[in-house]
Amino acid sequence: MSLLVIGSVAFDAIETPFGKTDKIIGGAATYISLASSYFTDKVNLVAVVGGDFPKSEIQLLENHGINTEGLQIKENEKSFFWSGKYHNDMNSRDTLVTELNVLENFDPIIPESYQDCDYLMLGNLAPQVQKTVIERLEKRPKLIAMDTMNFWMDIAMEPLKETIALVDVLIINDEEARQLSGEYSLAVAAKKIMALGPKTLIIKKGEHGALLFQEEKVFFAPALPLEVVFDPTGAGDTFAAGFISYLAGQDDVSFENMKRAVIHGSAMASFCVEKFGTAKLIGLNQEQIDERVQQFIDLSRFDLVNT
Ligand code: AMP
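Residues 0 to 306 (numbering that gives the first Met the number 0) are what the sequence shown spells out, left to right.
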């Protein structure tokens with residue numbers, strides 16, 4: 000099934016306790032499309048970059064089977080730039096710089112060939128732009144998932160709530176769930192957020208796993224206790240990608256399949272953090288992914304009695 004991905008394609012500069020990068024390739028949609036390419040063979044990207052964005056990086060996306068017809072290149076402008084610094088626990092970070100540049104006036108144009116989209120992943124972007132994408136699709140996709148961040152809650156809470164009301168699945172972290180709902184308890188927060196519109200909510204808790212809520216149902220997926228956590232940037236996007244592209248690949252949006260999708264999202268995110276930027280998402284193979292998923296299954300499976 001085809002998956003339409005929208006979000007930032009960007010330059011990032013990252014500092015972790017293990018090292019520091021100059022400008023490297025990042026952006027929510029970059030992580031999402033790369034990770035999704037392992038589960039569904041039709042990934043259609045809508046994004047915008049400036050003339051400073053290397054053509055070789057666009058080629059790399061294409062080499063992963065990603066359709067870049069919807070990637071606009073504004074030759075005389077600069078690409079979106081984000082810089083962040085992680086604290087010692089690697090679970091929290093400070094944003095040092097957000098330069099919107101080309102994103103400031105981003106008009107998401109959906110190529111005609113993308114109109115048959117079955118699944119839509121709205122990566123982190125201004126909520127007004129995310130909403131425009133939904134409005135510009137001639138038919139409603141089978142499933143719309145959305146990511147966002149505290150940045151938009153601080154400056155655009157009302158438009159954000161309007162967009163949230165239109166989606167099926169909202170994927171945010173625990174801090175964002177608390178900010179959005181004004182509640183400390185994640186169970187109470189989940190109820191309040193689902194009352195805004197989305198039938199399904201995923202709350203990511205970094206190295207403490209993720210919670211999947213739908214109506215009265217809850218599922219918990221652990222995170223692997225990894226020996227190497229080098230750079231968490233993009234882990235959230237990669238998780239969302241694993242989740243929605245697994246659903247798209249199976250073409251099954253049942254709650255039971257969403258549980259499997261959350262595990263696949265967690266597995267992909269566990270790869271992402273092992274190297275700086277998108278490095279670990281390039282050139283993975285099915286065997287590595289299956290092995291990682293199995294580690295997740297083994298991690299929390301137990302029998303109540305000896306067999
Ligand atoms: P994550 O670590 O999953 O939150 O995603 C990090 C990615 O999000 C980085 O590659 C950034 O380029 C991108 N990003 C950070 N802030 C924004 C923003 N305000 N709008 C769009 N993308 C952003």
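In this text, a Cβ means the ideal position worked out from N, Cα and C, and glycines have one as well. Computed from a predicted structure; not experimentally measured.
Proximity winner among the options, relative to residue i (alpha-carbon distances)
i	options	result
R135	A186, Q114 and T277	Q114
E74	A28, N100, V227 and F270	N100
P110	H263, I202 and V4	V4
V48	D167, T29, P16 and I65	T29
G83	K41, V261, I170 and G233	G233
E76	E61, E103, G208 and L59	E103
S1	V42, P16 and A266	V42
L169	G196, Y183 and V187	G196
I312	E206, H207, G208 and E175	Beyond the ends of the chain as shown, which are 0 and 306, falls residue 312; an answer cannot be given.
P107	V8, L60, I23 and T237	V8
F38	A247, R300, E182 and K274	A247
F254	L211, P231 and S265	L211
K203	D297, D302 and R177	R177
N149	G64, Q58, F80 and T94	T94
E98	G181, N305 and G26	G26
Whole-number beta carbon distance between residue j and residue i, since they are thought to touch under 8 Å
i	j	result
K141	V252	6 Å
T20	I31	Rounded, the Cβ-Cβ distance is 20 Å, inconsistent with contact.
T162	M145	7 Å
D51	S78	6 Å
Rounded straight-line distance, which links the Cα of residue j to that of residue i
i	j	result
D173	F219	13 Å
I143	T199	10 Å
P224	A194	33 Å
L165	E157	13 Å
T147	P126	8 Å
H63	S184	40 Å
V45	I281	20 Å
Simplified DSSP assignment, three categories, for residue i
i	result
N104	coil
I170	strand
A304	The sequence given here has Val at residue 304, not Ala. In this structure, V304 counts as coil in the three-state DSSP scheme.
Q71	strand
F79	strand
T15	strand
K22	coil
D93	strand
N66	strand
V272	coil
Residues that DSSP places opposite residue i in a beta bridge
i	result
R139	R139 pairs with nothing; no bridge assigned.
L2	V42 and Y118
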